[in-house]
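Peer 1: Below you will find the structure I want to go over with you.
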Amino acid sequence: MSFLEVTDVTVRFTVGSRLAARIKGEKPPILTAVDGISFEAERGESIGIVGESGCGKSTLAKAITGLVPVASGSISLDGRELAGKRDQALRRRIQMVFQDPSSSLNPSLTVEKMLSELLRVHQVVPRDEIADRCAELMDLVELPQSLLEALPRRMSGGQRQRVGIARALALEPDVLIADESVAALDVSVQAPILNLLNSLRDNLGLTLMFISHDLAVVRYVSDRVIVMYLGTAVEDRPTAQLFDDPRHPYTKALMAAAPKFGVKKAPGESALKGEPPSALNLPSGCRFRPRCPLAADICEQIEPDLIGPSETQRAACHFAWEENEIPA
Amino acid sequence: MSGNILEVKDLEVSFTAHGRTVTPVDGVSLTVRRGEALGIAGESGSGKSLALKSIIGLLPPNAAARGDLRYALDEKEPIPYSPTGVHGHGISIIFQEPMTALNPTMRVGDLIAEGPRMHHGLDKNAARTKAVELMRRVGIPTPERRAKMWPHQLSGGLRQRVMIATALSTEPRLLLCDEPTTALDVSIQDQILGLLQELRTSLGMSIIFVSHDLAVLGELCDRLAIMYAGRIVETGPTDQVFANPRHPYTEALMTSVPSFDASAEQLQGIAGRPPDPRNFPPGCRFAPRCGYVQGDCSSAVHELRTSGDGRATACIHPELIEGVKE
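The listed protein sequences correspond, in order, to chains A and B.
Numbering-wise (our numbering), the first sequence opens with residue 377 and increments by one.
Numbering-wise (our numbering), the second sequence opens with residue 12 and increments by one.
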């Protein structure tokens with residue numbers, strides 16, 4: 377049994393006005409943001425999740441953290457079920473770092489107040505050790521002690537993101553979920569944050585879930601990558617193999633579309649035409665079919681399962697593992 | 012210099028507030044040739060957007076711009092122009108966020124038709140036909156139907172195409188792009204970059220493309236200008252700048268970008284943070300963060316020194332960084 381097990385997790389939201397729907401005598405439309413995702417992670421493993429906006433990657437993160445309710449499926453950590461209501465001790469074990477550090481930190485609290493409140497409420501350390509622990513946390517995220525007295529607005533974006541990481545680490549989690557945590561930062565600031573996440577994972581044995589739309593960044597921090605499209609996982613494979621030899625046509629197209637630093641490529645050569653369909657109105661069979669260069673009759677009728685030659689090599693395409701069927 | 016469509020010399024943008032003056036753009040000079048795509052790279056706060064906006068006179072009201080701007084209409088020599096006077100006449104701009112840049116109270120067809128009606132005196136019907144034509148040109152499917160839609164009914168990628176159509180409606184010779192793909196997904200970004208590239212070759216337009224993303228600039232641009240703290244620190248052909256940077260900031264920026272094809276090497280990043288425009292360091296503004304810093308850097312006079320191969324650097328010790336490369 378694996379450390380973190382996500383089995384068939386589905387998250388649904390009601391969209392639009394419930395009142396308007398009731399007046400019309402209809403049911404409000406339901407959007408399935410995450411549609412039956414399963415994966416496992418070992419302790420200390422780093423999993424990257426990539427996909428375009430609206431593919432459900434953030435919703436999946438929030439479901440695992442417990443910030444949105446799960447419609448069906450189960451999430452278990454170290455053998456304990458998390459999908460229902462969590463008690464305080466369980467909540468501590470999975471923590472999240474958000475995208476925009478300026479809007480996810482309380483603007484009226486100093487860093488010290490922010491961290492000591494967490495340590496006190498969750499009784500992480502005895503009261504007389506709180507100040508020492510705050511100082512330790514600052515060391516851990518490589519910030520000077522003097523910033524303990526600072527308000528978020530006095531700090532740069534990179535420093536704020538480090539505070540966001542310190543806040544997550546204060547609760548001594550087993551799993552750290554970073555949701556687009558470097559997307560709002562300049563490249564020169566982004567690099568040290570990525571290095572920090574890598575070293576925290578090595579030193580603290582954290583299981584890291586790194587969510588991003590940026591393939592190169594995901595490659596840098598992840599052992600394994602899950603590619604999501606419209607609420608489902610389309611490919612789940614070790615990073616090096618996924619990048620060297622993508623099997624799902626969506627993964628291939630995504631890689632062809634991404635601008636690559638240091639590789640000469642003309643823009644507009646990606647096979648991805650058009651835009652993803654609405655999650656409210658999914659096509660029959662394979663969801664990627666309308667944009668897929670390989671689409672055949674079978675794709676219209678049967679939605680492909682996420683399968684492969686082994687548990688760690690999986691792709692959800694009817695043609696993923698037929699060696700010669702896929703154009704390079 | 013008849014090949015140039017735009018010449019900017021010693022451009023300065025300053026703001027005065029509470030009796031203090033800050034100068035976030037401090038002496039920028041650049042030229043754009045006909046049909047060329049020039050990329051301006053820099054991090055937030057480097058002044059790249061302000062420099063771009065002052066070319067077309069779109070600075071905020073409390074900003075003051077100084078400098079010599081010359082623009083070549085038709086096939087003539089570049090002559091001085093008024094930035095606010097070129098609206099609809101030769102220079103257009105597209106922005107990062109297509110939702111906030113499009114008027115939400117106008118149907119997109121009318122939005123696109125507004126430029127030709129105001130600046131080129133087209134009547135309502137002719138302008139409308141032209142708008143639909145332009146929408147088809149920028150790859151919007153079923154343009155007749157979509158012309159009657161409101162901006163909020165369109166997806167991000169389509170909105171960006173509408174903005175490009177709006178910019179093209181006045182037949183510009185120079186298109187200014189202010190991070191137009193930053194808010195888009197990679198697949199849509201690729202489509203928009205492909206469209207810009209195609210428009211550039213088929214219409215013979217020049218482009219100035221401002222972005223923080225070196226990989227995007229590498230795809231589209233012939234030449235690069237790297238900006239740091241309000242100044243251009245290096246210029247040169249894109250391939251050569253990437254292969255062999257001559258300013259430590261360019262090199263540091265490049266070692267901060269995770270590479271797509273190799274994952275092993277450690278990312279460097281840049282220590283410290285960009286300087287505050289209210290308090291730029293003396294001499295070379297990158298010196299406090301520079302790995303090659305020498306004693307005389309803090310008194311260096313900023314000057315882009317050109318070398319024979321079409322490149323220029325503001326670093327006074329370019330031999331140090333070259334030495335490492337060999």
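Ideal Cβ placement from N, Cα and C applies to all residues, glycine included.
Every value quoted in this text rests on a predicted model; they were computed, and no experiment measured them.
Kindly give me the distance between the Cβ atoms of Arg577/A and Ser422/A, rounded to whole angstroms, as I take these residues to be in contact under 8 Å.
Peer 2: For Arg577/A against Ser422/A, the beta-carbon gap comes to about 6 Å, under 8 Å, which counts as contact.
Peer 1: Consider the Cβ of Ser55/B: report whether some Cβ of chain A lies at a distance smaller than 7 Å.
Peer 2: yes
Peer 1: Please classify Ala28/B: is it buried, with 16 or more other beta-carbons within 10 angstroms of its beta-carbon, or exposed?
Peer 2: With fewer than 16 other Cβ atoms within 10 Å, it is exposed.
Peer 1: What three-state label does DSSP hand Pro445/A in the structure shown?
Peer 2: Here DSSP, grouped into helix, strand and coil, assigns Pro445/A to coil.
Peer 1: With three or more C-beta pairs closer than 8 Å as the rule, is the region 221-229 of chain B touching the region 54-63 of chain B?
Peer 2: yes
Peer 1: State yes or no: is the C-beta of Gln277/B within less than 7 Å of the C-beta of Ala194/B?
Peer 2: no
Peer 1: Closer than 9 Å, Cβ to any Cβ of chain A: which residues of the region 217-236 of chain B, in chain order?
Peer 2: Those residues of the region 217-236 of chain B placed with their C-beta closer than 9 Å to a C-beta in chain A are His223, Asp224, Leu225, Ala226, Val227, Leu228, Gly229, Glu230, Leu231, ordered along the chain.
Peer 1: So is Ser575/A in contact with chain B if we call contact Cβ pairs under 7 Å?
Peer 2: no
Peer 1: If we count the other Cβ atoms within 10 Å of its Cβ and call it buried at 16 or more, is Ser642/A buried or exposed?
Peer 2: Before going further, note that residue 642/A is Ala rather than Ser in the sequence given. Exposed.
Peer 1: Give the residues of chain C in contact with Gly534/A, contact being defined as C-beta atoms less than 8 Å apart.
Peer 2: Here the protein chains are A and B, and chain C is not one of them.
Peer 1: Considering only their Cβ atoms, is the gap separating Gly68/B from Arg45/B smaller than 7 Å?
Peer 2: no
Peer 1: Under a three-way DSSP split, which group does Asp621/A fall into?
Peer 2: coil
Peer 1: With 16 other CB atoms within 10 Å as the buried threshold, where does Met146/B fall?
Peer 2: By the 10 Å Cβ count, Met146/B comes out buried.
Peer 1: Spell out whether any CB of chain B is found under 7 Å from the CB atom of Ala704/A.
Peer 2: Per-residue confidence for Ala704/A stands at a pLDDT of 39, beneath the threshold of 50, marking its modelled position as unreliable; no derived number is given.
Peer 1: I'd like to know if Ser60/B contacts chain A, where contact means its C-beta is closer than 7 Å to some C-beta of that chain.
Peer 2: no
Peer 1: How about Glu47/B and Ser310/B: do their beta carbons lie closer than 7 Å?
Peer 2: Between Glu47/B and Ser310/B, the C-beta spacing is not below 7 Å.
Peer 1: CA-CA distance, Thr441/A and Cys431/A?
Peer 2: Thr441/A and Cys431/A have their C-alpha atoms some 18 Å from each other.
Peer 1: Would you report the Cα separation of Leu407/A and Leu580/A, rounded to the nearest angstrom?
Peer 2: Those two C-alpha atoms are separated by around 38 Å.
Peer 1: Residues of the region 556-576 of chain A with a CB closer than 8 Å to any CB of chain B: list them in chain order, please.
Peer 2: Cβ contacts with chain B come from Asp562, Val563, Ser564, Val565, Gln566, Ala567, Pro568, Leu570, Asn571.
Peer 1: Could you say which of Asn482/A, Leu495/A, Glu493/A lies nearest to Gln537/A if we only look at CA atoms?
Peer 2: Per the C-alpha coordinates, the member of Asn482/A, Leu495/A, Glu493/A positioned closest to Gln537/A is Asn482/A.
Peer 1: Per DSSP, what are the beta-bridge partners of Ile123/B in this structure?
Peer 2: None; Ile123/B has no bridge partner.
Peer 1: Per DSSP, Gln499/A forms a beta bridge with which residues?
Peer 2: DSSP, once it has assigned bridges, lists no residue as partnering Gln499/A.
Peer 1: With Gly540/A as the anchor, note down where its alpha helix (DSSP H) starts and where it stops.
Peer 2: 533-545
Peer 1: So what's Asn15/B in DSSP terms, helix, strand or just coil?
Peer 2: strand
Peer 1: Does the CB of Pro635/A have a neighbour CB from chain B at under 7 Å?
Peer 2: At least one C-beta of chain B is nearer than 7 Å to the C-beta of Pro635/A.
Peer 1: Quick one, are the C-beta atoms of Val33/B and Pro288/B less than 7 Å apart?
Peer 2: yes
Peer 1: Can you look up Cys188/B in the DSSP assignment and give me helix, strand or coil?
Peer 2: strand
Peer 1: Mind checking which residues open and close the beta strand (DSSP E) that includes Val304/B?
Peer 2: Where Val304/B is concerned, there is no enclosing beta strand (DSSP E), given that its DSSP letter is neither H nor E.
Peer 1: Using only the alpha-carbon positions, how far apart do Leu584/A and Ala554/A sit?
Peer 2: Near 8 Å, if we compare the C-alpha coordinates of Ala554/A and Leu584/A.
Peer 1: What residues of chain B sit near Ala592/A, judged by a beta carbon separation below 7 Å?
Peer 2: Pro269, Ser270, Phe271
Peer 1: Does the beta carbon of Gly78/B come closer than 7 Å to any beta carbon on chain A?
Peer 2: no
Peer 1: Confirm, please, whether the CB-CB distance from Met604/A to Gly427/A is below 7 Å.
Peer 2: Their beta carbons are under 7 Å apart, which means Gly427/A touches Met604/A by this criterion.
Peer 1: State the beta-bridge partners of Ile718/A as determined by DSSP.
Peer 2: No answer is possible for residue 718/A: it lies beyond the span of chain A, which begins at 377 and ends at 704.
Peer 1: Identify the contact partners of Pro643/A in chain B, using a Cβ-Cβ distance below 7 Å as the criterion.
Peer 2: Asp201, Leu204, Gly205, Gln208, Glu230, Leu231
Peer 1: Comparing alpha-carbon positions, which option in Phe637/A, Pro652/A, Leu591/A, Val473/A lies nearest Gly167/B?
Peer 2: Closest option to Gly167/B, judged by alpha-carbon separation, among Phe637/A, Pro652/A, Leu591/A, Val473/A: Pro652/A.
Peer 1: Hey, could you find the ends of the beta strand (DSSP E) Gly168/B is sitting in?
Peer 2: Unbroken run through Gly168/B is the alpha helix (DSSP H), 167-179; no beta strand (DSSP E).
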